[in-house]
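Colleague:
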Amino acid sequence: MGRDIWSEWLLHRRFGGDARRMQMVLDFLRPIRDKVLHNARLAEGETVLDVGCGDGMIGFGALEKIASGTVILSDISQDLLEYVQSLARDIGLLDRCQFVLAPAEDLSVLDAASVDVVALRSVLIYVSAKQQAFREFYRVLRPGGRLSLFEPINRFGIAASDQPHLFAGYDVTPVMDVAQKVKALYRRVQPIDSDPMLDFDERDLIAYAEEAGFREIHLELQVAIVPPEEDDWHAFIRTPGNPKIPTIEEAMRQVLTLDEMERFTACLRPLVEARQGIHRRAVAYLWAVK
Ligand SMILES: C[S@@+](CC[C@H](N)C(=O)[O-])C[C@H]1O[C@@H](n2cnc3c(N)ncnc32)[C@H](O)[C@@H]1O
1188 MGRDIWSEWL LHRRFGGDAR RMQMVLDFLR PIRDKVLHNA RLAEGETVLD
1238 VGCGDGMIGF GALEKIASGT VILSDISQDL LEYVQSLARD IGLLDRCQFV
1288 LAPAEDLSVL DAASVDVVAL RSVLIYVSAK QQAFREFYRV LRPGGRLSLF
1338 EPINRFGIAA SDQPHLFAGY DVTPVMDVAQ KVKALYRRVQ PIDSDPMLDF
1388 DERDLIAYAE EAGFREIHLE LQVAIVPPEE DDWHAFIRTP GNPKIPTIEE
1438 AMRQVLTLDE MERFTACLRP LVEARQGIHR RAVAYLWAVK
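Heads up: the sequence shown is residues 1188 to 1477, going by our numbering.
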């Protein structure tokens, strides 16, 4: 039986079939989870709604921090909900968990003022109706309840990545024509102007929270312009940046001739292995009180 793109991504593709990469991803995510939960100011006995729970990193993390209290794990992926349910059973937390199939922008299965905390990581980037999602977070929170979230700001760096001589932050001037073909494929899959991963920045997040009615809002933006961490060519070409796009290897196979693939690889591979590129990243933590 096939799994949906979300469970394929979270449980497999984001690790690129590589145990070292998996460890890198999990090490990278742990402090993010801790900061989201810290900003949520969890207290004993509270109910936490983990929106777009994925493999349950935020929700199970919350249960570790409080000895009493419950978590509602919600997602649009039935496969992932089944996965977290069996995980909860295995780790003996089933009686403190509920599982809800619902999109962030329509939480109508939950009553108004029914949760103490709404927490999420990297979910709004997949939601087109972001303002509606914030209204739903506000509605399901009790007065005094807290929202805490983390989102990548992928719009940061778009202008740089659009320059024709750059590919994924590497200077590929000698094979610019070939790079353009691969980039055009990614642009077709995720148009810059309309894709939900690219159509917002940190100011929009603040505006959404304010419009929804939150009375106290904080946002922390973190920006890094740094050399790439990855120096393994195969991990680089086999790990897609997100669940909706092909890997670079898949993209090359789709749009390049064999000769073009060879030219592109001959230019790009040494740059990746020497970490001779620049990555531009921005992420935002937002936390707010109803
Ligand atoms: C990058 S994963 C993050 C998973 C988890 N929050 C974590 O911190 O690891 C994105 C999650 O959002 C879910 N998702 C995608 N679109 C959604 C939507 N409209 N509403 C709720 N969840 C959604 C996916 O199924 C996936 O589990």
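All C-beta atoms, glycine included, are put in the ideal place defined by N, C-alpha and C. Just so it is clear, the structure is predicted and the values come from calculations on it, not from any experiment.
Starting from S1301, trace the alpha helix (DSSP H) in both directions and tell me its first and last residue.
Modeller: Element bounds for S1301: n/a, residue is neither H nor E.
Colleague: Please confirm whether any heavy atom of ligand 1 lies closer than 8 Å to the CB of P1430.
Modeller: Result yes, Cβ under 8 Å from ligand 1.
Colleague: Would you tell me roughly how many angstroms separate the C-alpha atoms of D1191 and D1266, rounded to the nearest one?
Modeller: So the alpha carbons of these two residues sit roughly 7 Å apart.
Colleague: Please list, in chain order, all residues of the same chain as R1342 whose beta carbon is under 6 Å from its beta carbon, the five residues on each side excluded.
Modeller: Excluding positions up to five away in sequence, the list reads L1385, D1388.
Colleague: Skipping 5 residues on each side, what residues in its chain have a beta carbon closer than 8 Å to that of M1188?
Modeller: Because M1188 carries a pLDDT of 44, less than 50, the predicted location of this residue cannot be relied on, and the following value inherits that uncertainty. None.
Colleague: What residues in its chain sit with their C-beta under 6 Å from that of S1194, if we drop five residues either side in the sequence?
Modeller: Once the five neighbours on either side are set aside, the close Cβ partners of S1194 are S1264, D1266, L1267.
Colleague: According to DSSP, is A1453 helix, strand or coil?
Modeller: Three-state result, A1453: helix.
Colleague: Pull up the distance between the alpha-carbon of W1196 and that of Y1270, whole angstroms please.
Modeller: Rounded to whole angstroms, W1196 to Y1270 spans 13 Å at the Cα level.
Colleague: Under 8 Å Cβ to Cβ from L1224, same chain only, skipping five residues before and after it: list those, please.
Modeller: Answer for L1224: I1245, G1248, A1249, K1252, A1306, S1335, listed in chain order.
Colleague: Hey, quick one: how far does the alpha helix (DSSP H) through E1338 stretch, first residue to last?
Modeller: Segment 1328-1339 is the beta strand (DSSP E) holding E1338; no alpha helix (DSSP H) there.
Colleague: Need the endpoints of the beta strand (DSSP E) that L1392 sits in, please.
Modeller: It is not in any beta strand (DSSP E) - L1392 instead sits in the alpha helix (DSSP H) that spans 1389-1399.
Colleague: Residues in its own chain within less than 6 Å of A1399 by CB, not counting five upstream and five downstream?
Modeller: The residues are F1321, R1322, Y1325.
Colleague: What are the residues that DSSP puts in a beta bridge with T1434?
Modeller: According to DSSP, which records beta bridges pairwise, T1434 is partnered with nothing at all.
Colleague: Near A1438, which residues of its chain fall below 6 Å by C-beta distance, leaving aside the five closest residues on each side in sequence?
Modeller: Excluding positions up to five away in sequence, the list reads V1369, L1372.
Colleague: Please determine if the stretch 1393-1413 and the stretch 1441-1449 are in contact, where contact requires at least 3 C-beta pairs separated by less than 8 Å.
Modeller: The answer is no - the stretch 1441-1449 does not touch the stretch 1393-1413, with fewer than three Cβ pairs under 8 Å.
Colleague: Check whether the Cβ atoms of Q1377 and P1351 sit closer than 9 Å, and answer yes or no.
Modeller: For Q1377 and P1351, no; Cβs fall outside 9 Å.
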